[in-house]
Amino acid sequence: MADFRFHVPTECFIGQDAIYKIPLLLEGGLDRAVLVADPDLKEAKSAERLMAVLEGRGVKIILFDELKNRPSSAAVEAATALVRGSCAPLVIGLGGIQTIHTAKAVAALATSDRRVDDWMDGEIPTKPPLPLILVPTSYRDPFIISGGLVLGDAR
1 MADFRFHVPT
11 ECFIGQDAIY
21 KIPLLLEGGL
31 DRAVLVADPD
41 LKEAKSAERL
51 MAVLEGRGVK
61 IILFDELKNR
71 PSSAAVEAAT
81 ALVRGSCAPL
91 VIGLGGIQTI
101 HTAKAVAALA
111 TSDRRVDDWM
121 DGEIPTKPPL
131 PLILVPTSYR
141 DPFIISGGLV
151 LGDAR
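Per our numbering, the sequence shown starts with residue 1, numbered consecutively.
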């Protein structure tokens, strides 16, 4: 895979109730977003809480939680199609490493006419990524506030 650059301006809110600060990051007029969420968080109702916070501010949330054991190009392709089809101007990632990396890739590809396989073959997206908000549930990821990500090739 070719090297690439993924610029991520970073602002961190850290704390138990940090999701309640997410509306502070939203630009005016934002009416919808795609939430890439770890399916293992259903029992904790983390995605439901975040969706309630944002929907209470008038932001319609489109949920993507079709993730398997590790970040894969297949999940990125499916989530990217959802973002493009909905014309969502924002991607939010909620979960562990696989979810965060998937959300990063989706934000990078959503504005492009390229597929994830093109990117993995070295064709770099030429348009700026969509705005991205990450809500990590684990802090074991060395790439969390960088442009780096890990993605399995599903081909």
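Glycine residues also receive a C-beta, built at the ideal position from the N, C-alpha and C atoms.
This structure is a prediction, so every number in the text was calculated from the model and none was measured.
What is the residue span of the alpha helix (DSSP H) that residue 88 lies within? Here residue 88 belongs to no alpha helix (DSSP H), and DSSP marks it neither H nor E.
Give, in chain order, every unbroken run of the beta strand (DSSP E) that is at least 3 residues long and sits entirely within the region 32-117. For the region 32-117, whole beta strand (DSSP E) runs of length 3 or above, ordered along the chain, are 32-37, 60-64, 91-95.
Should residue 16 go down as buried or exposed, given a rule of 16 or more other Cβ atoms within 10 Å for buried? With fewer than 16 Cβ atoms within 10 Å of its Cβ, residue 16 is classed as exposed.
Could you tell me if residue 14 is buried or exposed, where buried requires 16 or more neighbouring beta carbons within 10 angstroms of its beta carbon? Exposed.
From residue 104 to residue 97, what distance separates their C-alpha atoms? Those two C-alpha atoms are separated by around 11 Å.
Assigned secondary structure, residue 19 (DSSP; H/G/I helix, E/B strand, else coil): Residue state, collapsed to three classes: helix.
Quick one: is residue 25 buried, meaning 16 or more other Cβ sit within 10 Å of its Cβ, or exposed? The residue is exposed, with fewer than 16 neighbouring Cβ atoms inside 10 Å.
Report back the beta-carbon spacing between residue 54 and residue 33 to the nearest angstrom; my notes put them in contact at under 8 Å. Right, their Cβ atoms sit about 7 Å apart.
Going straight from the alpha carbon of residue 21 to that of residue 42, what length do you get? Residue 21 and residue 42 have their C-alpha atoms spaced approximately 21 Å apart.
DSSP bridge partner residues for residue 134 (one or two, in chain order): Bridge partners of residue 134: 93.
Mind reading off the beta-carbon distance from residue 76 to residue 83? Whole number of angstroms is fine, and I expect it under 8 Å. Rounded to the nearest angstrom, the Cβ distance from residue 76 to residue 83 is 10 Å, too far for a contact under 8 Å.
Residue 65 to residue 37, Cα distance in whole Å? Going from the Cα of residue 65 to the Cα of residue 37 covers about 5 Å.
Since I believe residue 44 is in contact with residue 63 (beta carbons under 8 Å), could you give me their beta-carbon distance rounded to a whole number of angstroms? With 8 Å as the limit, residue 63 and residue 44 do not qualify as a contact, their Cβ atoms being about 15 Å apart.
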